[in-house]
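Count the sequence shown with mature numbering (1 follows the signal peptide of the UniProt record, and there is no 0) and you get residues -22 to -1, 1 to 254, in order. First up is the structure itself, then whatever we jot down about it.
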Amino acid sequence: MKEITRRNFIATASLATGFALAVQPVTAKVITTDSQGLVAGAVKIPVADGEIPAYRAQPARGENFPIVLVIQEIFGVHEHIQDITRRFAKLGYLAIAPELFVRQGDVSKLSNIDEIRPIVAKVPDAQVLSDLDATVAWAAKSAQGNAQRVGITGFCWGGRITWLYAAHNPQVKAGVAWYGRLVGNATELQPTHPVDIAAKLKVPVLGLYGGKDTGITLDTVEQMRDRLKSSSSKSQIIVYPDAPHAFYADYRPSYREKEAKDGWNRLQAWFKQHGL
C-alpha cells in the first residue's frame, strides 16, 4: 500500500447533514436527542497525514470527561451516529465519532449500498487504528477528555473495529461491539480479524449480536466465544435470538426496540463496571 502523505491527502469532506442517502427512507421510530446542555457539532482531528472531520458531543460544563469513541457503520458519520454521540454526552461522556472513510470517499452522498462497499473495502485497518489514536489524543488535549478513561463502541463495520482497537490499545477501559463481523480472510488492508486477536485480548469487550443476523452467522459467534476463553479480558458475548443485523439502528426497518434498549442498558452497565 502506498503511504499517504500530507501533500496528497487534504480532507475536504464535511460531515453528513441528516441521514445517508443509502438508508432512505428513514423509519418513523428514529430517536432524536437534543443538544441542550451540550457542546455538540463538527470538529477537525489532526492525523498523521492531514486532518479528518468528526462529530463531537460533551456536557457544556465540567472537565476531565471519560472519552467514548463511537465507530460508524458503513454509511459514515450521518445523523444516527451523531445522535448516539449526543446520547453519550447526556450521560456525562465526551463522545466523538471520527469520519474514518474520508480518504476513500464520501459515502453519505451515495444512494446504493453496492457503491459504498468498494469504498469501505479500500480502508486499511492500520489507517483506522492510527486515526483513532489521534482522536483520543485530540479529545484529551482539546476537549477536556480524560485519556486514562477511554471506552469504545461501534456498529456493524464499527463493531469489528471495536474488537480490533481494543486489542491495539490496551489502555482502553472497555468496549462494546454491536454486530461486528468476527471472521474473514487476511488481506493486505485487513490482515487480522476479531477471532485472530481474541485469545490475546486484555481489554474487556461486550459483544452484542443477533441470532437472526444472516451476515454474521452463529457459528462464527461461537467461534469467537471459544477463542475468548483463552483471554484474560473477561469479555462476553450476548446473542438476542430473534434479532436481525442492525437491531440498534432505530432509523431502519431492522430496529428492534426491546433488544436495542436492553443492549444500551448493558452497555452503560459494562462501562460503569469497568471504570467509565
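Beta carbons are placed, not taken as given, at the ideal position from N, Cα and C, and that holds for glycine.
Legend entry - For residue 56 and residue -22, the rounded distance between their alpha carbons: For residue -22, the pLDDT reaches just 32, beneath the cut-off of 50, and the residue's location in the model is therefore unreliable, leaving the point undetermined.
Inset, instruction - Could you have a look at residue 243 and say whether DSSP puts it in helix, strand or coil? - result: Looking at residue 243 - three-state DSSP - the assignment turns out to be helix.
Inset, instruction - Given a cut-off of 8 Å, decide if residue 16 and residue 35 are closer than it, judged by their beta-carbon atoms. - result: It is a contact, given that the beta carbons lie within the stated cut-off.
Inset, instruction - Report yes or no: do the region 91 to 102 and the region 115 to 129 share at least 3 C-beta pairs separated by less than 8 Å? - result: Taking 8 Å as the limit for Cβ pairs, the verdict is that the region 115 to 129 does not touch the region 91 to 102.
Legend entry - Between the CA atoms of residue 53 and residue -17 - distance to the nearest angstrom: Any reading at residue -17 must be qualified, since the residue scores a pLDDT of 42, below 50, and its modelled position is unreliable; no value is offered.
Inset, instruction - Throw me the rounded Cβ distance for the residue 75 and residue 33 pair, which I believe falls under 8 Å. - result: Indeed they touch by this definition, with Cβ atoms about 5 Å apart.
Legend entry - Alpha-carbon to alpha-carbon, residue 60 and residue -9: Just so you know, the alpha carbons of residue -9 and residue 60 end up roughly 13 Å apart.
Legend entry - residue 252 versus residue 231: straight-line alpha-carbon distance, rounded: Those two C-alpha atoms are separated by around 33 Å.
Inset, instruction - In the DSSP assignment, find the beta strand (DSSP E) that holds residue 154 and state where it starts and stops. - result: Its beta strand (DSSP E) spans residues 152 to 156.
Legend entry - Closest residue to residue 13 among 39, 6, 107 (Cα-Cα distance): The shortest C-alpha separation from residue 13 is found at 39.
Inset, instruction - Count the other CB atoms, across all protein chains shown, that sit within 10 Å of the CB of residue 239; report buried if there are 16 or more and exposed otherwise. - result: Exposed is the call here.
Inset, instruction - Compute every distance between the C-beta of residue 46 and the non-hydrogen atoms of the ligand FMN, then say whether any falls below 7 Å. - result: In the structure on display, the ligand FMN does not appear, and there are no ligands present to speak of.
Inset, instruction - Could you please give the first and the last residue of the uninterrupted alpha helix (DSSP H) stretch that includes residue 205? - result: Start and end: 196 to 206.
Inset, instruction - Return yes when the Cβ of residue 224 is within less than 8 Å of the Cβ of residue 86, no when it is not. - result: Taking a C-beta distance under 8 Å as the contact criterion, residue 86 and residue 224 do not qualify as a contact pair.
Inset, instruction - Buried or exposed for residue 2, please, with buried defined as at least 16 other CB atoms from any protein chain shown within 10 angstroms of its CB. - result: Exposed is the label assigned to residue 2, since fewer than 16 other Cβ atoms lie within 10 Å of its Cβ.
Inset, instruction - Jot down the residue ranges of each uninterrupted alpha helix (DSSP H) in the region 65 to 92, minimum 4 residues, whole runs only, in chain order. - result: Along the region 65 to 92, the alpha helix (DSSP H) does not occur as any fully enclosed run of 4 or more residues.
Legend entry - Limits of the beta strand (DSSP E) - the one that residue 229 falls within: Premise fails: residue 229 is in no beta strand (DSSP E) and is neither H nor E.
Inset, instruction - Using 10 angstroms around the beta-carbon of residue 166, count the other beta-carbons present and answer buried if the total reaches 16, otherwise exposed. - result: That one is exposed.
Inset, instruction - Answer with buried or exposed for residue 216, where buried requires no fewer than 16 other C-beta atoms within 10 angstroms of its C-beta. - result: Residue 216 counts as exposed, since fewer than 16 other C-beta atoms from the protein chains shown sit within 10 angstroms of its C-beta.
Inset, instruction - Give the secondary structure of residue 46 by DSSP, where H, G and I count as helix, E and B as strand, and everything else as coil. - result: Looking at residue 46 - three-state DSSP - the assignment turns out to be strand.
Inset, instruction - Please confirm if the region 102 to 109 is in contact with the region 153 to 172, defined as three or more CB-CB distances below 8 Å between the two stretches. - result: Touching, per the Cβ criterion.
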